[in-house]
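Numbering (the working numbering), first residue to last: 304 to 649. We put the beta carbon where it would ideally sit given N, CA and C, even for glycine.
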């Protein structure tokens, strides 16, 4: 891991960027005479009226366990977990002050919003790959290419030789694999498909060579909205597999069935230590978009992603968003992440 002074540098840099955002908002407020946060009801988790001055947000389900808790504790915000794509649409429409997303805007989304969008990393987490296999209550091992083969339709049964080779001594059923995926525009799908396209040419050829919030799956899939929906799909369909944030896997009781990914003799699960190993090599570029996917660090889990709070340059509500960022990046919030199934920023 980085030394303490190096670790704090990342959060300081993010907060400095947030300070620029607040200053911009203050200038606008001075010119307009007032500033207020959107009052639109986005169906934020937790319900009830938003505290006065709270910054309304919506978006990714990946960080929802943390964001919902933090908004309630700090009373600086509300958050509706509806998917990265939906949050970006809300931000574009101006019905929220900030959005949660696990991925940057694509070209069409950026064109629609028409302004500079700031990305503020808030936490890191593992994309867990839980299974529900008849006769097997524990996690199995999969190589990256075998995992890709399941999601591109090349591997269709649990007795496939590429799965069996990674699980000697484990009796797997000769049954079709039920593949659970997201139905909505998803940052989790973006990072998951991005990893699979990197490690499998077959997946890149069949599904797509680029990461996508809405992959064109070539496997026969069961689509459900949100990471909670995918977790429920895995729980209710025997011989299934899916992908969700590790925090959701814990909530759904699927953490013990999260697949270990790697190669012969070196399979790694989505543990805190394995996520920290990936995070230790993280660097903070000027645009604040952190890439820790498919880390080659020793002991690292390959499916680790950052998630972001998004704000629009010049928006009148950015001062309120700045208060949200200050709490999210503070020691109280960051100190809760391990227990919730995430990892603090390095």
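- Rounded to the nearest angstrom, the gap between the Cα atoms of residue 444 and residue 538 is 19 Å.
- Contact check for residue 541 against residue 481 passes: the beta carbons are separated by less than 9 Å.
- Judged by DSSP in its simplified three-state form, residue 426 adopts strand.
- The DSSP-derived three-state label of residue 543 is strand.
- If you compare the alpha carbons of 437, 446, 518, 626 with that of residue 495, the shortest gap goes to 518.
- When the alpha-carbon of residue 405 is set against those of 603, 640, 596, 471, the nearest one is in 596.
- Cβ-Cβ distances below 6 Å link residue 626 to 379 in the same chain, with the five nearest sequence neighbours on each side left out; the list follows chain order.
- Checking the DSSP bridge columns, you'll see residue 594 has no partner listed.
- Taking all protein chains shown into account, residue 489 has 16 or more neighbouring C-beta atoms within 10 Å of its C-beta and is therefore buried.
- For a cut-off of 8 Å, the C-beta gap from residue 611 to residue 424 is around 6 Å, short enough to register as a contact.
- For residue 566, the uninterrupted beta strand (DSSP E) segment begins and ends at 563 to 566.
- Annotation for residue 401: the continuous beta strand (DSSP E) segment containing it runs 401 to 404.
- Contact between the region 552 to 572 and the region 582 to 590 is absent: fewer than 3 CB-CB pairs across the two stretches fall below 8 Å.
- If one requires a minimum length of 4 residues, the alpha helix (DSSP H) runs lying completely within the region 358 to 391 are 367 to 377, in chain order.
- For the 9 Å CB-CB criterion, residue 531 and residue 554 form a contact.
- Separation of the CB atoms of residue 526 and residue 454 is rounded to 13 Å, and the pair is thereby denied contact status at 8 Å.
- Straight across, the Cα-Cα distance linking residue 407 with residue 589 is about 14 Å.
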